[in-house]
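No gaps in the numbering here: position 409 of the sequence shown is 408 in numbering that gives the first Met the number 0, and each next residue is one more.
Report on one structure; see the data block that follows.
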Amino acid sequence: MLEGRALGVEVGGRMVVSGATFTVTAGDKVGLVGRNGAGKTSFLKVLAGDAQPSAGKLVRKGAMGYLSQEPRIAGGRSSGGRSSGVGTVADDPDAVEVTALGHVLSGRGLDKSAVRLERLREKLEADYSERALSRYARAEEEFQAAGGYEAEADVKKLCAGLGLRPERVEAPVAVLSGGERRRVELARILFGGADLLLLDEPTNHLDADAKEWLLGFLRAYRGALVVVSHDLALLDQSITRVMHLERGDGEGRLVEYRGTYSAYLAARAADETRAEKVAARQAAEVERLSGLADKMRHQSSQRARTAKSIDRRVERLRATTEAPTAVAARRVRLRLPDPPRSGRTVVQVQGLTKAFGSTVLFRDVGFSLGRGERLLVLGLNGAGKTTLLRMLAGEVPSDAGTVAWGLDVSTGYYAQEHEGIEHGTSALDHLRQAGDLSEQQLRALLGMMGLSPEVAAQAAGTMSGGEKTKLALAQLVAARNNVLLLDEPTNNLDPASRLAIGGAFAEWGGSMIVVSHDPELVEALRPDLVLVMPEGTVDRWSDDMGDLVALA
């Protein structure tokens, strides 16, 4: 159960929520909605206890599972003395690597006994003595009594639903891609069996099949759910209530609607229409009274006093008149400055190969990209798409092969986990460090990306996921890069921002290598080439490939 009483949430000196009172009980499935920057992620952090409210009181009862927008799962090794997936225990010779399976098992506290069992098994292989066998047998008996083996089967089934291949479930967390780690963390939370789930963008990095599986899981879930998502299918199929965060003058407020997301849109449209009519009537009344007061002002002293009384009434009317906010976010049009011109051939890639230990991620990948061309990288989760982009960006070494960039090429890399953003640095300072632009140009660029002057001055750590996405993309433009390596650039964006970003990059004159599950972005970019991973096959793009985008 979750209860808020006159709750207030402040971010960067701005009250994003004020006076919020609500109750969420078992069976309630609530969609927390609002445009990018409205404060949804910050509000969810307060509900989860990761941040403190600035006013009011919050009451939580029962076990809670919280998926943050940017979950951090440490890789490395665990000795079983701490939770799997947290930290590295380099000084313990008996430590074993934290696997995806072990991390998910930690959702019910079974990871430590699983690690201990694995450690004893390794010792038994080295020393098959009666003592070692007895210790292993006792540990296995305890693990079995706690439901460990049944739990492993449940975890593997759950991970399969979220699109993790069996060999990736057994793999160390350290070798997983960012998208795979996020799915492992989501699996851990779902496996934990909490009474309350707080999920921030749970469908990020999920393909179509995994999204459908998650929708089914959430529909069947009997606990309380609060979810932040821009996935309209999830909001329409898995929720029974909407809490809308809207910006007011100086502070935000929480407005509740019953029903699905579609029902919310219809109800909010009706509210907006009523608000517009009320505002129009009040504006007409203000104009009528102001004209009447002006006529009286210079007549008799009694009429002058009456005019002052009318003035006070006009001020009260103006103070209570709220400017209506659009139900559907207004279409934003962004335009990016053209990049410097590169040589005719942007990059030639030959024979790229990457393996982690004995696992070969991909082998002998090669392609060539010309000036102004767009290459779309497709492949199932874990196929090596992110690793390939990181290799092209120079962040990960290849095991074999070459990458030859062309004349006058300047590359910019957008990482899906925003690794290049420093939480204590403002948006403006990020752009100052990125390129040699004037203050006016920097502010104009932030405005082009839909970031207000107030947000430009905020520390990046207080920004929403969508605002961080826009900032990271603005950094690439500020650096005057003419080749962009984009890894899921529209994750965390609301529909209006997603369309605006897609349109802006469609008109941009540089070259791109893009990883994306977003069909609308791909349609806007109209790629020239498609690279399918891990096979490394290259083909010309055709519209009939569009159905593969959400699946790959």
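Glycine residues also receive a C-beta, built at the ideal position from the N, C-alpha and C atoms.
Name the residue from the options whose alpha carbon lies nearest to the alpha carbon of residue i.
{"i": "Met295", "options": "Ile309, Ala282, Glu286, Glu284", "result": "Ile309"}
{"i": "Val513", "options": "Ala279, Met63, Leu524, Glu506", "result": "Leu524"}
{"i": "Leu291", "options": "Leu189, Ala170, Val313", "result": "Val313"}
{"i": "Arg350", "options": "Leu104, Gly342, Gly365, Leu316", "result": "Note that residue 350 is Gly in the sequence shown here, rather than Arg. If we check each option's Cα against that of Gly350, Gly365 comes out closest."}
{"i": "Glu418", "options": "Gly405, Asp486, Asp398", "result": "Asp486"}
{"i": "Pro339", "options": "Val476, Ala354, Arg218", "result": "Val476"}
{"i": "Leu109", "options": "Ser289, Gly147, Leu483", "result": "Gly147"}
{"i": "Leu436", "options": "Val454, Ser463, Gly411, Gln474", "result": "Gln474"}
{"i": "Ser176", "options": "Glu286, Ala443, Asp538, Ala99", "result": "Ala99"}
{"i": "Arg315", "options": "Gly215, Gly369, Glu117, Ser289", "result": "Ser289"}
{"i": "Gly12", "options": "Ser41, Leu498, Ser237, Leu374", "result": "Ser41"}
{"i": "Val402", "options": "Ser425, Leu368, Thr385, Glu453", "result": "Leu368"}
{"i": "Arg181", "options": "Val174, Pro165, Pro201, Phe190", "result": "Pro201"}
Taking only three categories from DSSP, how would you classify residue i?
{"i": "Val555", "result": "The shown model of the chain, from 0 to 551, leaves out residue 555, and the question about it has no answer."}
{"i": "Arg315", "result": "helix"}
{"i": "Tyr127", "result": "coil"}
{"i": "Ala5", "result": "strand"}
{"i": "Ala327", "result": "Confidence is the limiting factor: at Ala327 the pLDDT is only 40, short of 50, which leaves the residue's position unreliable, though a coordinate-based value still follows. Ala327: coil per DSSP, three-state reduction."}
{"i": "Arg343", "result": "coil"}
{"i": "Lys60", "result": "coil"}
{"i": "Pro171", "result": "strand"}
{"i": "Tyr220", "result": "coil"}
{"i": "Met462", "result": "coil"}
{"i": "Thr536", "result": "strand"}
{"i": "Val97", "result": "coil"}
{"i": "Ala473", "result": "helix"}
{"i": "Asp199", "result": "strand"}
{"i": "Gly30", "result": "strand"}
{"i": "Ser367", "result": "strand"}
{"i": "His243", "result": "strand"}
{"i": "Asp293", "result": "helix"}
{"i": "Ser77", "result": "Low confidence applies to Ser77: its pLDDT is 40, below 50, so where it sits in the model is not reliable, and the reading given next is rough at best. If DSSP states are grouped into helix, strand and coil, Ser77 belongs with the strands."}
{"i": "Leu547", "result": "helix"}
{"i": "Ile238", "result": "coil"}
{"i": "Gly400", "result": "strand"}
{"i": "Ser83", "result": "Its pLDDT being 31, under 50, Ser83 is placed unreliably by the model, and the measurement read from it follows with that caveat. Reduced to three states, the DSSP call for Ser83 is coil."}
{"i": "Gln415", "result": "coil"}
{"i": "Ala47", "result": "helix"}
{"i": "Glu421", "result": "coil"}
{"i": "Ala89", "result": "Confidence at Ala89 is low in this model, with a pLDDT of 35, below 50, so the placement of that residue should be treated as unreliable; the coordinate-derived value is given next. Residue state, collapsed to three classes: coil."}
{"i": "Asp486", "result": "strand"}
{"i": "Gly18", "result": "strand"}
How should residue i be labelled, buried or exposed, when 16 other C-beta atoms within 10 angstroms of its C-beta is the threshold for buried?
{"i": "Gly26", "result": "exposed"}
{"i": "Tyr263", "result": "buried"}
{"i": "Ser451", "result": "exposed"}
{"i": "Gln439", "result": "exposed"}
{"i": "Ala283", "result": "exposed"}
{"i": "Arg280", "result": "exposed"}
{"i": "Glu121", "result": "exposed"}
{"i": "His422", "result": "exposed"}
{"i": "Asp543", "result": "exposed"}
{"i": "Glu184", "result": "buried"}
{"i": "Val359", "result": "exposed"}
{"i": "Gly508", "result": "exposed"}
{"i": "Thr130", "result": "Here residue 130 turns out to be Arg, not Thr, going by the sequence shown. Exposed is the call here."}
{"i": "Thr22", "result": "exposed"}
With distances taken between CB atoms, is the gap from residue i to residue j smaller than 9 Å?
{"i": "Arg167", "j": "Ala138", "result": "no"}
{"i": "Thr24", "j": "Arg4", "result": "no"}
{"i": "Pro488", "j": "Leu445", "result": "no"}
{"i": "Gly178", "j": "Gln457", "result": "no"}
{"i": "Ile420", "j": "Lys467", "result": "yes"}
{"i": "Gly251", "j": "Val345", "result": "no"}
{"i": "Gly162", "j": "Asn380", "result": "yes"}
{"i": "Ser341", "j": "Ala37", "result": "no"}
{"i": "Arg240", "j": "Gly258", "result": "yes"}
{"i": "His229", "j": "Asn480", "result": "no"}
{"i": "Ser515", "j": "Leu375", "result": "yes"}
{"i": "Glu96", "j": "Pro171", "result": "yes"}
{"i": "Ala186", "j": "Gly222", "result": "no"}
{"i": "Gly535", "j": "Asp493", "result": "no"}
{"i": "Leu547", "j": "Leu377", "result": "yes"}
{"i": "Ala478", "j": "Gly371", "result": "no"}
{"i": "Leu335", "j": "Leu484", "result": "no"}
{"i": "Ala50", "j": "Lys56", "result": "no"}
Shorter than 9 Å from the beta carbon of residue i to some beta carbon of chain B?
{"i": "Arg373", "result": "Of the chains in the structure shown, none is chain B; there is only one protein chain."}
Can at least three beta-carbon pairs, one atom from the segment 64 to 71 and one from the segment 119 to 128, be found at a separation below 8 Å?
-> no
Decide yes or no for the touch test of the segment 388 to 405 against the segment 525 to 532: beta carbon pairs closer than 8 Å, at least 3 of them.
-> no
Answer yes if the segment 182 to 201 comes into contact with the segment 60 to 67, meaning at least three C-beta pairs across the two stretches below 8 Å, and no otherwise.
-> yes
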